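Worksheet: one structure, shown below.
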Amino acid sequence: MRAATGVAVPIAVVGATGAVGRTLIDLLVQRGFPVGECVPVASARSAGQRIDVPGGTATVHDLDRYDFSAVRLAFFSAGTGVSERHARRAAAQGALVIDNTNAFRMAADVPLVVPQVNPDVLHRRPDSGIIANPNCSTIPLVRLLAPLRQRYGLRRVTVSTYQAASGRGNRGMAELRAQAAAATDDPTRTGPVEAFGVPLAYNVIPLIDTLLADGFTLEEQKMRQESRKILRDPTLDVTATCVRVPVLNGHSETVVVDCDAPVDAGELAALLAGEPEVRVWTDRPPTPRTLDDADLVHVGRIRVDPEHPNRVAFWLVADNLRIGAALNAVQIAEVLVARGVR
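Mapped onto my numbering, the consecutive letters of the sequence shown carry residue numbers 17 to 358.
Right under this line is the structure:
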């Protein structure tokens, strides 16, 4: 999904100095997106920095003072609170906002988009002026559930995630590195514990985001609600358990799906291999450190339960900064530009 050539699009990147923002800027260059001007925007503490953008370098603007009327697209990747305060202002000033936070995903006037699954919702500018990017674990999941549902039907989805430190951005990766170094030198040391609350190095944390009254977390709730909205199935039975693991980058998921019809593992492998930007591994399972292409969803260990022929399980790995965030946002923008949506 490439953007139409010859159409120069002025854009702003809010959160340009963060992990997702920098990845997004890199992708705009790598994918040849027709950027007219790229304006980096961030908090006051980052304002004034010079960073690389498509076409050269640019000064980071202070978000509180920035006027979005000069840009056509505004990517927001600076956290939910920032989007809540500024995204509707940016849209009111004329920018079409692609938001990478949880601020608007379930809003009725905001489409939630994975271009490989529901690109039809991008036929026009939404009334809100905002398009939401799903959660980093939801995106690769629904990209595989969509063809599976079309062929076999879906009854129930049970997913466990193994989410990398980069889910907390540069701060999370830096903390994991510091903790690993400290614990390697002295097992009694933990290093800093600000990003995750407890040590992540040599550990797993079965709690991501806010703990809700029902015992699930907000991250787990997101996966259920977002999958339903993207797949247009408000009663889809989805149960998630989200776990932080000591991996720098690359989220993994174990997925168990109960279908309406019996599943053939070989047929499903061929079906998924035929999907755009999906690689099926048959010789060995993919891992975050063995991915050969960060812009693909990687799938392995596809197997049918021998006692339940309608039940299939598989393992997926995806780069959460790219597939799960920046790449999905850029691909949304590519569809918009190709269709002339303003």
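Ideal placement from N, C-alpha and C gives every residue a C-beta, glycine not left out. Computed from a prediction, not measured in an experiment: that's the story for all the values here.
Beta-carbon contacts of residue i that lie in its chain and below 8 angstroms, excluding the five residues immediately before and after
i	result
R187	E210, A211
P131	M17, L138, N344, Q347, I348, E350, V351
R338	T39, L43, A310, D311
P70	I41, L44, V45, F49, V51, C54
Residues sharing a beta bridge with residue i, DSSP
i	result
D311	Per DSSP, none; premise fails for D311.
A111	Answer is none; A111 lacks a bridge partner.
Q179	R260
P324	It should be noted that the sequence gives His, not Pro, for residue 324. DSSP lists no partner for H324.
A74	I67
I147	I114
R172	D253, D274
E269	T177, L332
R319	A329
L227	T233
I221	R260
L337	Its beta-bridge partners do not exist; DSSP assigns none.
C-alpha distance - residue i paired with residue j, whole-angstrom precision
i	j	result
A20	L112	Low confidence applies to A20: its pLDDT is 45, below 50, so where it sits in the model is not reliable enough to give any reading.
M17	R121	The pLDDT assigned to M17 is 39, lower than 50, so where the model puts this residue is not dependable, and the model offers no usable value.
R358	D309	32 angstroms
A74	V57	10 angstroms
A119	R172	27 angstroms
A217	P203	11 angstroms
R248	G356	25 angstroms
D299	A281	14 angstroms
E291	T306	21 angstroms
S62	I246	35 angstroms
P301	P278	24 angstroms
Y168	C275	6 angstroms
D78	A60	5 angstroms
N326	L227	33 angstroms
Whole-angstrom C-beta distance between residue j and residue i, which should lie under 8 angstroms
i	j	result
A90	A106	5 angstroms
L40	V346	6 angstroms
Q179	C258	6 angstroms
V76	G64	6 angstroms
D315	L288	This sequence places Val at residue 315; Asp is not what is there. Indeed they touch by this definition, with Cβ atoms about 6 angstroms apart.
A114	I155	According to the sequence as given, residue 114 is Ile; it is not Ala. About 13 angstroms; that fails the 8 angstroms criterion.
S93	G110	Between G110 and S93 the Cβ distance is about 20 angstroms, and since that is not below 8 angstroms, they are no contact.
Endpoints, the alpha helix (DSSP H) within which residue i is located
i	result
R193	185-201
D360	Outside the modelled stretch of the chain, which goes from 17 to 358, sits residue 360, for which no answer is possible.
V353	343-355
A286	281-289
T154	154-168
E293	No alpha helix (DSSP H) contains E293, which DSSP labels as neither H nor E.
I246	234-247
Neighbourhood of residue i by C-beta, 6 angstroms cutoff - its chain only, sequence neighbours within 5 removed
i	result
A341	V36, N116, C152
V271	V175, F330
P26	G52, E53, V87, R88
Y82	V57
T33	A58, S62
Limits of the unbroken beta strand (DSSP E) element including residue i
i	result
V51	51-58
L89	89-92
V29	25-30
Spatial neighbours of residue i in its chain, beta-carbon cut-off 7 angstroms, leaving aside the 5 residues before and after
i	result
D125	P142, D143, S144
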